[in-house]
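Undergrad:
Numbering (the working numbering), first residue to last: 1 to 80.
Given below as C-alpha coordinates:
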(Lines of atoms letter the chains of each structure in order from A and count residues from 1; the text may use other names and numbers.)
(Lines give C-alpha, C1' and ligand atoms only; values in the text may rest on other atoms or scores of the structure.)
Protein backbone atom coordinates (compact mmCIF):
# COMPACT_ATOMS: atom_id res chain seq x y z
CA UNK A 1 0.00 0.00 0.00
CA UNK A 2 1.35 3.44 -0.92
CA UNK A 3 0.28 6.95 -0.05
CA UNK A 4 0.42 10.11 -2.05
CA UNK A 5 0.70 13.70 -0.88
CA UNK A 6 -1.75 15.92 -2.72
CA UNK A 7 -1.35 19.66 -3.08
CA UNK A 8 -3.56 21.81 -0.87
CA UNK A 9 -6.84 22.48 -2.62
CA UNK A 10 -8.65 25.78 -2.79
CA UNK A 11 -11.97 25.56 -0.95
CA UNK A 12 -13.39 28.87 -2.22
CA UNK A 13 -16.42 28.53 -4.48
CA UNK A 14 -15.64 28.30 -8.17
CA UNK A 15 -17.42 31.12 -9.99
CA UNK A 16 -16.87 29.69 -13.45
CA UNK A 17 -19.69 29.69 -15.97
CA UNK A 18 -20.44 26.00 -15.59
CA UNK A 19 -21.40 25.73 -11.92
CA UNK A 20 -24.13 28.35 -11.65
CA UNK A 21 -21.88 30.79 -9.79
CA UNK A 22 -22.85 33.56 -12.15
CA UNK A 23 -26.47 33.19 -11.04
CA UNK A 24 -25.52 34.89 -7.77
CA UNK A 25 -24.49 38.14 -9.43
CA UNK A 26 -25.83 41.08 -11.41
CA UNK A 27 -23.98 41.44 -14.72
CA UNK A 28 -23.09 44.32 -17.03
CA UNK A 29 -24.89 44.23 -20.39
CA UNK A 30 -25.41 46.88 -23.11
CA UNK A 31 -28.58 48.85 -22.30
CA UNK A 32 -30.07 48.44 -25.77
CA UNK A 33 -29.63 44.66 -25.53
CA UNK A 34 -31.52 44.56 -22.22
CA UNK A 35 -34.47 46.38 -23.77
CA UNK A 36 -34.38 44.12 -26.83
CA UNK A 37 -34.37 41.05 -24.57
CA UNK A 38 -37.31 42.38 -22.55
CA UNK A 39 -39.35 42.80 -25.73
CA UNK A 40 -38.30 39.71 -27.69
CA UNK A 41 -37.08 37.29 -25.03
CA UNK A 42 -33.72 36.83 -26.75
CA UNK A 43 -30.70 36.10 -24.53
CA UNK A 44 -28.13 38.78 -23.68
CA UNK A 45 -24.38 38.41 -23.27
CA UNK A 46 -22.69 39.97 -20.23
CA UNK A 47 -19.18 41.39 -20.34
CA UNK A 48 -17.95 38.26 -18.55
CA UNK A 49 -19.50 36.01 -21.21
CA UNK A 50 -22.59 34.80 -19.34
CA UNK A 51 -25.53 34.28 -21.72
CA UNK A 52 -29.08 34.36 -20.32
CA UNK A 53 -32.50 35.97 -20.55
CA UNK A 54 -32.72 38.52 -17.71
CA UNK A 55 -35.70 37.99 -15.45
CA UNK A 56 -34.59 39.17 -11.98
CA UNK A 57 -34.06 42.52 -10.31
CA UNK A 58 -30.28 43.12 -10.58
CA UNK A 59 -30.40 45.51 -7.61
CA UNK A 60 -30.89 42.50 -5.34
CA UNK A 61 -27.52 40.98 -6.26
CA UNK A 62 -23.88 42.03 -5.96
CA UNK A 63 -22.12 43.00 -9.20
CA UNK A 64 -20.20 40.22 -10.93
CA UNK A 65 -16.51 40.83 -10.11
CA UNK A 66 -15.42 39.76 -13.61
CA UNK A 67 -17.91 42.12 -15.30
CA UNK A 68 -16.86 44.95 -12.99
CA UNK A 69 -13.17 44.44 -13.74
CA UNK A 70 -13.81 44.40 -17.50
CA UNK A 71 -16.07 47.47 -17.30
CA UNK A 72 -13.51 49.42 -15.29
CA UNK A 73 -10.75 48.53 -17.76
CA UNK A 74 -12.96 49.88 -20.58
CA UNK A 75 -13.63 53.22 -18.85
CA UNK A 76 -10.37 54.65 -20.20
CA UNK A 77 -9.07 56.48 -17.16
CA UNK A 78 -5.97 57.89 -18.85
CA UNK A 79 -5.37 60.82 -16.46
CA UNK A 80 -1.64 60.12 -16.18
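We put the CB at the ideal spot given by N, CA and C, even for glycine.
Only a predicted model underlies this, so the values are computations on that prediction, with no experimental measurement involved.
For residue 45, list the residues DSSP reports as bridge partners.
TA: Its beta-bridge partners are 51.
Undergrad: For residue 39, tell me which candidate among 65, 55, 63 has the shortest Cα-Cα distance.
TA: The option with the nearest alpha carbon to residue 39 is 55.
Undergrad: Is DSSP giving residue 29 helix, strand or coil here?
TA: In this structure, residue 29 counts as coil in the three-state DSSP scheme.
Undergrad: Can you tell me where the alpha helix (DSSP H) holding residue 68 begins and where it ends?
TA: Taken as a continuous stretch (DSSP letters only), the alpha helix (DSSP H) holding residue 68 covers 65-74.
Undergrad: Any idea what DSSP makes of residue 58, helix, strand or coil?
TA: If DSSP states are grouped into helix, strand and coil, residue 58 belongs with the helices.
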